[in-house]
Structure formats: structure tokens, C-alpha cells
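J.:
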Amino acid sequence: MRSAARLKMGYYPLPESEGKKLRDLLSFAGTASVIDPCVGQGTALSLVTSDAPVRRYGIELDAERARIASSKSIETIQGNTFDTIVKPESFSLLYLNPPYDSEIGTIANRRMEAVFLDHTYRWLRMEGVLILVIPFERLHDCTGILSSHFASLRVFRMTDPDSVQYRQIAVFGVRREVRGSAIENNKRQLQSIGLYGSFLELAELQPGACAPYSVPPSGEASLSYRGLPYDILEDLLPRSGAWKQAAPLLMPHDDVATGRPITPLHGGHVGLLCTAGLLNGVFGDGENKHIARWRSVKHVTTFVEEDGDAEIIHRRERWTNELRLAYADGRVLKLTESRAKKEGEDHGECTPATRAA
Numbered sequence: 000m001r002s003a004a005r006l007k008m009g010y011y012p013l014p015e016s017e018g019k020k021l022r023d024l025l026s027f028a029g030t031a032s033v034i035d036p037c038v039g040q041g042t043a044l045s046l047v048t049s050d051a052p053v054r055r056y057g058i059e060l061d062a063e064r065a066r067i068a069s070s071k072s073i074e075t076i077q078g079n080t081f082d083t084i085v086k087p088e089s090f091s092l093l094y095l096n097p098p099y100d101s102e103i104g105t106i107a108n109r110r111m112e113a114v115f116l117d118h119t120y121r122w123l124r125m126e127g128v129l130i131l132v133i134p135f136e137r138l139h140d141c142t143g144i145l146s147s148h149f150a151s152l153r154v155f156r157m158t159d160p161d162s163v164q165y166r167q168i169a170v171f172g173v174r175r176e177v178r179g180s181a182i183e184n185n186k187r188q189l190q191s192i193g194l195y196g197s198f199l200e201l202a203e204l205q206p207g208a209c210a211p212y213s214v215p216p217s218g219e220a221s222l223s224y225r226g227l228p229y230d231i232l233e234d235l236l237p238r239s240g241a242w243k244q245a246a247p248l249l250m251p252h253d254d255v256a257t258g259r260p261i262t263p264l265h266g267g268h269v270g271l272l273c274t275a276g277l278l279n280g281v282f283g284d285g286e287n288k289h290i291a292r293w294r295s296v297k298h299v300t301t302f303v304e305e306d307g308d309a310e311i312i313h314r315r316e317r318w319t320n321e322l323r324l325a326y327a328d329g330r331v332l333k334l335t336e337s338r339a340k341k342e343g344e345d346h347g348e349c350t351p352a353t354r355a356a
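Just so we're aligned: 39 in numbering that gives the first Met the number 0 is position 40 of the sequence shown, and the numbers increase by one with no gaps anywhere.
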């Protein structure tokens, strides 16, 4: 997963239009308990079970999203799904849209889609309904579990632009004890879709795409959490001795020079301090109040030397400095040692943020 996706913990909410389509393919025979192990803000679970006699349960790692889900009448545990204890066969409907990522370890790093499915399918009672939302390419990773523990499998392609971006599919199934040739038939069906089929060849997820799946009734469920209290640890961490030792290494601060020089600085001194990044900060007052920030920029000049029939490409690098000014009235200026580049000309390559002055 890219760094930006890791920062949001793999959170890609289901489009509301797709949630309504999923709801149209479900019918509820009575009051049931339903769960979403990656509930997010609870929007998807609310849509999938709208106007149904259900008790909603969810698990969410992010504290703010867990709070929002709780406000939507979803009994939510804030923590890790794998540290949550649930009695097997407690739920009639399992809606699962897991993080699209891989495990991080020394060996056998499975896809998280399969890991979440393997951990949570046992929470579903016999004849309970599974809705699994995953990228099309990850269907093969889940084939073994789906083939051995679910029947009446159907796979649909989602058509919302956000879903198409991640090539999302919805897998429906009913939990049953699958044996013998039925397992092989399921495997062949899923492999013909995931390995040898095409995303665009799948049937679209839409009302009436198949007969509604009947969600059986079930009693109240009980969830308990045995993991670490992440929010409390986050609040206590900055005051711990270990953090005080690790912080200078993990989060280095910019060098700051304070105090009045012994003798007045001449122009050369000021230039050196500026380009070293020691004169960054807020300056001026009134209309001229501004923030100044220096940084180093690498410029690459390319020229070609002909040697007979061959061409030798040379690249010459040089470093310059530029100053960016942000004024209180909204003006932004960039000062460089050379004229501004015209459209189509090569631009300098900036230093990484960790090396910038």
C-alpha cells in the first residue's frame, strides 16, 4: 500500500450508491445481529441494513471514525479486529470490506483480504449471509476459504466511479458445510472468474441481479476487546521516558540559532546564514509581515556530444538556493538567482524534505 493509503489505514469507504444496491439484494426474515469488522464511520453497514430489524455491531481502529459509527446506533469497539473476541456463529450477516494491503512480516505475508475473511467468517452462523467487497485481483486469494465454507456464491462488478477505480467486486455467499465435489465446483467457479475471467465481463451489481439473499434471524451478540487501549497509550506516550529518548532520533528538529551576535554581521555572513536555513521565520510587520523559507534546489543541465556516429549525453548538476515568501495579505513570492523558467523549460529538482535547509 502506498504511504498515503497507510496514513488513512486503508480506509476506502463504500460509495453510497453501491450500498443501496447491496441492500436491494437482501431480505430479512426476522430480527438479526449484523457486523462490519472494518466499520469505518458506519455508513456502509447502515446502508446495507437500512429499514431492516437488525442489531448493528462494528469494529474500527481509528478513534474518530469509531465515535461517528457509534453515533449511528452501531455498537462499536474501537480497536483491532484481531484483538476482539466474538463467540462463533453469533451473526446472521457479515459485511466485510477489509484493508487492501498485505501483512508485514518476515515470511508468508498474505493479503489482508484473505486474513480478515479467515478470521471473521466463523462469526457467521450457518445459513448466514456474507458480503465481501474486495478488488477483483484479490478474489483468487480468497478462493480457498470461500470454496470450503460458503455456498450460493455470486460475484458482481461495482460500477460507481470510485469503485471502478479500485476494480471493486461484491461477493455474496451463504455459510454452509461444503464437502467433496461441491468444494471443487466452487473453486472452478471462482477461478474461472478471478484467474481466467475479466473484470468487465462480470455482471453488474444492480437491483434484481439475482434473487435476494435471505438473512436468518439471530440473537444478541457479545463482543469483548482484549487489545491495548490505543488512545490512552497515545496520550501517555509523550510523557514516557522511552519517548524522550527516542524522539530526538525519530523526529529531529530544525537547527535554531538564537541570541544577538557579538559583532554586526556583514552581507556575507547574512548570506551564509540564509542559505543554511538559519534565518527562516516570521519577519516584518503590517503589510510587509511575511514568512521566509530557504531551500536548496538542484539544477541539471543536459548537453549532447557527438563522437562519430555515436551521441554521448552529459548531465551537469549544480546547486542553488531559493527563497519563498508568504505575506500576511496572501501574496507568495519565489526569489531565485536566475530568471523564472518559461513554459516548456526544464525545472530544477528540489531536495527531499528531510534534507532541505
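Think of the CB as a built atom: it goes at the ideal place given N, C-alpha and C, for glycine as much as any other residue.
Please read these numbers as outputs of a predicted model, since none were measured by experiment.
What does H289 pair with, by DSSP beta-bridge criteria?
T.: Taking the first residue of the sequence shown as 1, we reach residue 289 at position 290. Per DSSP, F282, Y326.
J.: By DSSP, does Y56 sit in helix, in strand, or in coil?
T.: For this step, residue 56 is matched to residue 57 along the sequence shown. Strand at Y56.
J.: Report the option in G218, E336, I290, K288 whose CA atom is closest to the CA atom of V296.
T.: The sequence position of residue 296 within the sequence shown is 297, counting from 1. If we check each option's Cα against that of V296, E336 comes out closest.
J.: Are S91 and A31 closer than 7 Å when you measure CB to CB?
T.: Within the sequence shown, numbered from 1, the residue matching residue 91 stands at position 92. Within the sequence shown, numbered from 1, the residue matching residue 31 stands at position 32. Cβ distance < 7 Å, so S91 and A31 count as in contact.
J.: In the structure shown, what three-state DSSP assignment does E183 receive?
T.: In the sequence shown, counting from the first residue as 1, residue 183 sits at position 184. Reduced to three states, the DSSP call for E183 is helix.
J.: What three-state label does DSSP hand Y212 in the structure shown?
T.: Working through the sequence shown from its first residue, we reach residue 212 at position 213. Strand, per DSSP.
J.: Can you tell me which residues form a DSSP beta bridge with P134?
T.: Locating residue 134 in the sequence shown gives position 135, where the first residue counts as 1. For P134, which the question treats as bridged, DSSP gives the partners Q167.
J.: Using C-beta distances below 6 Å, list every residue in its chain close to R323, excluding the 5 sequence neighbours before and after it, in chain order.
T.: Here residue 323 corresponds to residue number 324 of the sequence shown, with the count starting at 1. Counting only Cβ-Cβ distances below 6 Å, and skipping sequence neighbours, we find R292, K333.
J.: For the candidate residues I73, H148, R66, L138, whose alpha-carbon lies nearest to that of G179?
T.: Translated into the one-based positions of the sequence shown, residue 179 becomes position 180. The residue with the shortest Cα to Cα distance from G179 is H148.
J.: Quick one: residues in its chain with C-beta nearer than 8 Å to the C-beta of V177, no 5 flanking neighbours on either side, listed in chain order?
T.: For the purposes of this step, residue 177 is identified with residue 178 of the sequence shown, where counting begins at 1. Contacts found: S146, S147, H148, F149, A150, N185.
J.: Provide the residue span of the beta strand (DSSP E) that contains I84, from first to last.
T.: Position 85 of the sequence shown, counted from the first residue, corresponds to residue 84. Counting along the chain, the beta strand (DSSP E) containing I84 begins and ends at 83-85.
J.: Tell me where the alpha helix (DSSP H) around A62 begins and ends.
T.: Stepping through the sequence shown from its first residue, residue 62 is reached at position 63. From DSSP, the alpha helix (DSSP H) with A62 extends over 62-69.
J.: Would you please state the rounded distance, in angstroms, between the beta carbons of A43 and Y94? I believe it to be under 8 Å.
T.: For the purposes of this step, residue 43 is taken as the residue at position 44 of the sequence shown. For the purposes of this step, residue 94 is taken as the residue at position 95 of the sequence shown. Going by Cβ atoms, the distance from A43 to Y94 rounds to 7 Å, so yes, they are a contact pair.
J.: For a test of the three-state rule: what should DSSP assign to G276, helix, strand or coil?
T.: Reading the sequence shown from its first residue, position 277 is the one you call residue 276. Of the three classes helix, strand and coil, the one that applies to G276 here is coil, per DSSP.
J.: So, for A62: in the same chain, excluding its five sequence neighbours on each side, which residues have a beta-carbon less than 8 Å away from its beta-carbon?
T.: In the sequence shown, counting from the first residue as 1, residue 62 sits at position 63. These residues qualify, in order along the chain: Q77, Y229, D230.
J.: Give the C-beta separation of R314 and H298 to the nearest angstrom, bearing in mind that I take them to be a contact with Cβ-Cβ under 8 Å.
T.: In the sequence shown, the residue the question calls residue 314 occupies position 315. In the sequence shown, the residue the question calls residue 298 occupies position 299. Incorrect: roughly 11 Å between the Cβ atoms, too far for contact.
J.: Mapping DSSP to helix, strand and coil, what is A31?
T.: Your numbering for residue 31 matches position 32 in the sequence shown. DSSP places A31 in strand when its eight states are reduced to three.
J.: Which word fits N287, buried or exposed, when buried means at least 16 other C-beta atoms lie within 10 angstroms of its C-beta?
T.: As a first step, residue 287 must be located in the sequence shown, where it is residue number 288. When all chains shown are included, N287 counts as exposed.
J.: Alpha carbon to alpha carbon, how far is S101 from T142?
T.: Within the sequence shown, numbered from 1, the residue matching residue 101 stands at position 102. Within the sequence shown, numbered from 1, the residue matching residue 142 stands at position 143. Approximately 17 Å between the Cα atoms of the pair.
J.: With L93 as the anchor, note down where its beta strand (DSSP E) starts and where it stops.
T.: For the purposes of this step, residue 93 is identified with residue 94 of the sequence shown, where counting begins at 1. Looking at the DSSP string, the run of the beta strand (DSSP E) that includes L93 is 90-95.
J.: Rounding to the nearest angstrom, what Cα-Cα distance links E183 and R175 in this structure?
T.: Position 184 of the sequence shown holds residue 183. Position 176 of the sequence shown holds residue 175. Going from the Cα of E183 to the Cα of R175 covers about 15 Å.
J.: Please classify G41: is it buried, with 16 or more other beta-carbons within 10 angstroms of its beta-carbon, or exposed?
T.: Your numbering for residue 41 matches position 42 in the sequence shown. Buried.
J.: CB G18 to CB L60, shorter than 7 Å?
T.: Here residue 18 is taken as the residue at index 19 of the sequence shown, counted from 1. Here residue 60 is taken as the residue at index 61 of the sequence shown, counted from 1. In this structure, L60 does not lie closer than 7 Å to G18 by Cβ.
J.: Looking only at its own chain, which residues have a Cβ that is under 7 Å from the Cβ of A325, when we skip the five neighbours before and after it?
T.: Here residue 325 corresponds to residue number 326 of the sequence shown, with the count starting at 1. Hits under 7 Å: H289, I290, V331.
J.: Counting only the same chain and skipping the five closest in sequence on each side, list residues whose C-beta sits under 7 Å from that of N279.
T.: Reading the sequence shown from its first residue, position 280 is the one you call residue 279. Here the set comprises A291, R292, W293.
J.: By the three-class DSSP mapping on this structure, what secondary structure does M125 have?
T.: If you number the sequence shown from 1, residue 125 lands on position 126. Strand at M125.
J.: Using a 10 Å radius around the Cβ and a threshold of 16 neighbouring Cβ atoms, would you call G172 buried or exposed?
T.: Looking up residue 172 in the sequence shown gives position 173. That one is buried.
J.: Whose C-beta lies closer than 6 Å to the C-beta of T48 among residues of the same chain, with five residues either side of it excluded?
T.: By one-based count along the sequence shown, residue 48 stands at place 49. Here the set comprises V33.
J.: Could you pull the start and end residues of the beta strand (DSSP E) that T48 belongs to?
T.: Your numbering for residue 48 matches position 49 in the sequence shown. Counting along the chain, T48 falls outside any beta strand (DSSP E), and DSSP gives it neither H nor E.
J.: Kindly confirm or deny that the stretch 119-135 and the stretch 211-223 touch, where touching means at least three C-beta pairs closer than 8 Å.
T.: Judged by Cβ distances under 8 Å, the stretch 119-135 makes contact with the stretch 211-223, as three or more pairs qualify.
J.: So who's on the other strand from G218, going by DSSP bridges?
T.: The residue you call residue 218 lines up with position 219 of the sequence shown. Answer is none; G218 lacks a bridge partner.
J.: Quick test of your reading: R156 and E203, contact by CB under 8 Å. State the CB separation rounded to the nearest angstrom.
T.: Locating residue 156 in the sequence shown gives position 157, counting from the first residue. Locating residue 203 in the sequence shown gives position 204, counting from the first residue. Right, the Cβ-Cβ distance comes to about 6 Å (below 8 Å), so this counts as a contact.
J.: Between which two residues does the beta strand (DSSP E) carrying T75 extend?
T.: Counted from its first residue, the sequence shown places residue 75 at position 76. First-last of the beta strand (DSSP E) with T75: 74-77.
J.: So what does DSSP say about G267, is it helix, strand or coil?
T.: Here residue 267 corresponds to residue number 268 of the sequence shown, with the count starting at 1. Three-state DSSP puts G267 in a helix.
J.: If you reduce the DSSP assignment to three classes, tell me which class Y224 lands in.
T.: Indexing the sequence shown from 1 puts residue 224 at position 225. In the structure shown, Y224 sits in a strand (DSSP, three-state: E or B).
J.: Compare the Cα-Cα distances from I133 to each of D23, R110, F27 and report the closest residue.
T.: The sequence position of residue 133 within the sequence shown is 134, counting from 1. Closest option to I133, Cα to Cα, is R110.
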